[in-house]
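What follows is a short report on a single structure.
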Amino acid sequence: MKKVYSIPELVHLLNCEGEEEKNLYNEAKEVKNKTIGNFVYLRGLIEISNICTKDCLYCGIRKSNTDTGRYSLTDEEILDAATFAHTHRFGSIVLQGGERSDSAFTNRVTRLLRQIKQQSNGELGITLSLGEQSLETYKQWREAGAHRYLLRIESSNPELYARIHPHDTHHSHDTRLKCLEYLRESGYQVGTGVMIGLPFQTTEDLAKDLLFLQNMDIDMVGMGPYLEHHATPLYQYRHLLLSQQQRLRLSLHMVALLRLMMPDINIAATTALQAIEPEGREKALEIGANVVMPNITPTTNRTLYKLYENKPGVHEGAKESMLQLEKSILRCGCQVAYGEWGDSQHFAHRTKE
Ligand code: SAH
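Position 61 (the sequence shown) corresponds to 264 in this note's numbering; numbering is contiguous.
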């Protein structure tokens with residue numbers, strides 16, 4: 204049964220330590236194993252481009268960062284990466300990238316989706332993470348073969364959102380919310396999430412984020428620690444941040460609590476956890492997460508897709524590191540579900556009603 208908490212209860216649990224923390228983690232693990240099992244689903248992450256029209260104050264690939272080289276993978280590189288995922292029985296891929304909504308871009312994505320579906324005999328599941336788009340574009344991509352979409356709300360608090368984004372119509376909290384509605388209307392399994400440990404963020408904000416995810420009846424969640432990037436405006440507030448270890452711990456508490464609040468959703472163990480600690484993702488898998496997204500972007504471009512510093516996994520996705528990942532997944536009491544889409548059970552449940 205899904206847990207219902209008040210804000211003060213969540214604030215208390217987000218801060219809990221020792222015995223109470225152990226109980227929280229054990230309970231979340233038990234609920235996950237009982238509800239959706241101990242399977243971990245793989246999504247091969249392809250970072251298709253770091254060209255971005257947005258200027259988010261925390262992100263290393265924001266438009267105003269002239270310090271970074273820009274790239275866009277060729278069709279061939281994207282199709283090859285998808286083939287790699289398919290032959291290594293990942294089950295699905297995620298196409299992620301900087302935000303563009305011009306028709307050259309949106310039509311290209313449509314074409315690529317069709318090609319990936321075709322070359323994998325429809326076997327490869329496809330998740331998109333390409334930011335805010337029109338309802339028509341979301342529908343077009345859905346029809347072309349994508350069936351899951353990730354669009355983080357970043358923070359459910361509009362005031363905090365305004366402090367970490369430029370103040371213009373291009374960066375509006377209301378538009379994000381509208382896009383999440385569009386995605387649902389277009390028939391996607393909808394994923395969202397937040398950054399944890401942002402400057403100016405309170406524990407109460409995070410408690411409200413958890414309630415937001417539950418109230419939105421979301422199918423999938425990707426949330427992880429905020430990591431500072433020196434070439435972004437938010438870097439000037441780094442003195443306000445919790446230590447990276449504290450942000451990691453808070454993120455694990457968020458994952459465990461969300462599992463108790465939404466037992467049948469998909470929760471990703473995000474890369475930012477791994478940036479803080481090599482086995483950060485495994486810790487999340489152990490206590491509630493069930494999805495991992497190994498990076499399969501061609502390694503020549505990987506270093507340029509730097510949302511934050513110390514981004515790990517430069518060689519990840521190669522055969523050798525997949526073996527390592529599988530071993531560490533087994534060590535934390537889970538098993539890899541090869542060749543499966545691993546759709547959100549929550550989506551199946553809510554669409555049956
Ligand atoms: N442009 C797409 C996807 C790329 S960014 C989109 O807007 O959805 C994917 C996610 O990375 C963002 O939603 C944000 O939550 C996260 N991110 C960006 N910069 C970050 C940082 N400095 N630390 C941690 N996470 C960050």
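Using N, Cα and C, we set each Cβ at its ideal position, and we do this for glycine too.
- request: Spell out a yes or no on whether the segment 295-311 and the segment 232-252 are touching, meaning 3 or more CB-CB pairs, one atom from each, closer than 8 Å.
  value: As far as the Cβ criterion goes, the segment 295-311 touches the segment 232-252, which means the pair count is three or higher.
- prompt: For Val393, which option in Arg553, Val207 and Lys205 has the closest C-alpha, if you only look at C-alpha atoms?
  reply: Counting from one through the sequence shown, the residue named residue 393 turns up at place 190. Residue Arg553 is the option with its Cα nearest to Val393.
message: Closer than 7 Å to a non-hydrogen atom of the ligand FMN - does that hold for the CB of Ser252?
response: This structure does not include the ligand FMN; its bound ligands are the ligand SAH.
query: Distance, Cα to Cα, Ile281 vs Glu523?
result: One-based indexing of the sequence shown puts residue 281 at position 78. One-based indexing of the sequence shown puts residue 523 at position 320. Approximately 21 Å between the Cα atoms of the pair.
query: Does the beta-carbon distance from Glu302 to Lys257 come in below 8 Å?
result: Taking the sequence shown and counting its residues from 1, the one referred to as residue 302 is at position 99. Taking the sequence shown and counting its residues from 1, the one referred to as residue 257 is at position 54. For Glu302 and Lys257, yes; Cβs fall inside 8 Å.
- prompt: For Gln336 versus Thr309, is the C-beta distance shorter than 8 Å?
  reply: Sequence index remark: in the sequence shown, residue 336 carries index 133 (1-based). Sequence index remark: in the sequence shown, residue 309 carries index 106 (1-based). Cβ atoms of Gln336 and Thr309: closer than 8 Å.
- prompt: Just how far apart, CA to CA, sit Gly263 and Ile329?
  reply: Locating residue 263 in the sequence shown gives position 60, where the first residue counts as 1. Locating residue 329 in the sequence shown gives position 126, where the first residue counts as 1. In a straight line, the C-alpha of Gly263 is about 25 Å away from that of Ile329.
query: In whole angstroms, what is the alpha-carbon distance linking Gly300 and Thr290?
result: Here residue 300 corresponds to residue number 97 of the sequence shown, with the count starting at 1. Here residue 290 corresponds to residue number 87 of the sequence shown, with the count starting at 1. If you take the alpha carbons of Gly300 and Thr290, they lie about 23 Å apart.
message: On the criterion of 16 or more Cβ atoms from any shown chain inside 10 Å, does Lys509 qualify as buried, or is it exposed?
response: For the purposes of this step, residue 509 is taken as residue 306 along the sequence shown, with counting starting at 1. By the neighbour-count rule (16 or more Cβ atoms within 10 Å), Lys509 is buried.
task: Would you check whether the ligand SAH has a heavy atom nearer than 7 Å to the C-beta of Gly247?
output: Here residue 247 refers to the residue found at position 44 when the sequence shown is read from its first residue. Every heavy atom of the ligand SAH is 7 Å or more from the Cβ of Gly247, so no.
field: Residue span of the alpha helix (DSSP H) that contains Ser359, given as start and end
entry: For the purposes of this step, residue 359 is taken as residue 156 along the sequence shown, with counting starting at 1. Premise fails: Ser359 is in no alpha helix (DSSP H) and is neither H nor E.
field: Status (buried if at least 16 other CB within 10 Å, exposed otherwise) for Leu363
entry: Within the sequence shown, numbered from 1, the residue matching residue 363 stands at position 160. Classification for Leu363: buried.
message: Considering only their Cβ atoms, is the gap separating Ile239 from Gln447 smaller than 8 Å?
response: If you number the sequence shown from 1, residue 447 lands on position 244. If you number the sequence shown from 1, residue 239 lands on position 36. Taking 8 Å as the Cβ cut-off, Gln447 and Ile239 do not qualify as a contacting pair.
- prompt: Using DSSP with H/G/I as helix, E/B as strand and the rest coil, what is Asn218?
  reply: Taking the first residue of the sequence shown as position 1, residue 218 is located at position 15. Three-state DSSP puts Asn218 in a helix.
task: Within its chain, find whatever has a CB closer than 8 Å to the CB of His518; leave out the 5 residues flanking it on each side and keep chain order.
output: Within the sequence shown, residue 518 is the residue found at index 315, counting from 1. Thr502 and Ser524.
- prompt: Contact check, Leu409 vs Met457 under 8 Å by CB: the rounded distance?
  reply: Residue mapping note: residue 409 aligns to position 206 of the sequence shown, counting from 1. Residue mapping note: residue 457 aligns to position 254 of the sequence shown, counting from 1. Going by Cβ atoms, the distance from Leu409 to Met457 rounds to 6 Å, so yes, they are a contact pair.
- request: Spatial neighbours of Leu213 within its chain, please: CB distance less than 7 Å, with the 5 preceding and 5 following residues excluded, ordered by chain position.
  value: The residue you call residue 213 lines up with position 10 of the sequence shown. Taken in chain order, the residues that qualify are Ala410, Leu413 and Leu460.
Cβ-based neighbour list, Ala487, same chain, cut-off 7 Å, excluding 5 preceding and 5 following: Counted from its first residue, the sequence shown places residue 487 at position 284. Hits under 7 Å: Leu455, Val458, Ala472 and Leu476.
message: Can you check which of these residues, Arg462, His442, Met398 and Gly400, is closest to Asp420 by C-alpha distance?
response: Start at 1 with the first residue of the sequence shown, and residue 420 comes out as number 217. Closest option to Asp420, Cα to Cα, is Arg462.
task: Could you check what DSSP says for Ile239 in three-state terms: helix, strand or coil?
output: As a first step, residue 239 must be located in the sequence shown, where it is residue number 36. The answer is coil: DSSP assigns Ile239 none of H, G, I, E or B.
- prompt: So, using beta-carbon positions, are Leu331 and Ala349 closer together than 8 Å?
  reply: Here residue 331 refers to the residue found at position 128 of the sequence shown. Here residue 349 refers to the residue found at position 146 of the sequence shown. Yes, they are a contact pair.
message: Can you look up Thr405 in the DSSP assignment and give me helix, strand or coil?
response: Looking up residue 405 in the sequence shown gives position 202. In the three-state DSSP reduction, Thr405 falls in the coil class, being neither helix nor strand.
task: Determine the direct distance from the alpha carbon of Tyr274 to that of Thr506, and round the result to whole angstroms.
output: Here the question's residue 506 lines up with position 303 in the sequence shown. Here the question's residue 274 lines up with position 71 in the sequence shown. Straight through space, the alpha carbons of Tyr274 and Thr506 are spaced by roughly 11 Å.
field: Reference Ala307, options Thr378, Gly272, Thr340 and Ala478, closest by Cα
entry: Numbered from 1 along the sequence shown, position 104 holds the residue referred to as residue 307. Comparing Cα-Cα distances from Ala307 to each of Thr378, Gly272, Thr340 and Ala478, the minimum goes to Thr340.
message: For Phe403, tell me which candidate among Lys514, Tyr438, Thr474 and Gly272 has the shortest Cα-Cα distance.
response: Position 200 of the sequence shown, counted from the start, is the residue given in the question as residue 403. Per the Cα distances, Tyr438.
- request: Could you tell me the boundaries of the beta strand (DSSP E) in which Asn513 lies?
  value: Locating residue 513 in the sequence shown gives position 310, counting from the first residue. DSSP places Asn513 outside any beta strand (DSSP E), giving it a letter other than H or E.
query: Do you know how far the Cα of Ile356 is from the Cα of Glu489?
result: As a first step, residue 489 must be located in the sequence shown, where it is residue number 286. As a first step, residue 356 must be located in the sequence shown, where it is residue number 153. One C-alpha to the other measures close to 25 Å.
- request: Buried or exposed for Glu485, please, with buried defined as at least 16 other CB atoms from any protein chain shown within 10 angstroms of its CB.
  value: In the sequence shown, counting from the first residue as 1, residue 485 sits at position 282. By the Cβ neighbour-count rule, Glu485 is buried, with 16 or more other Cβ atoms within 10 Å of its own.
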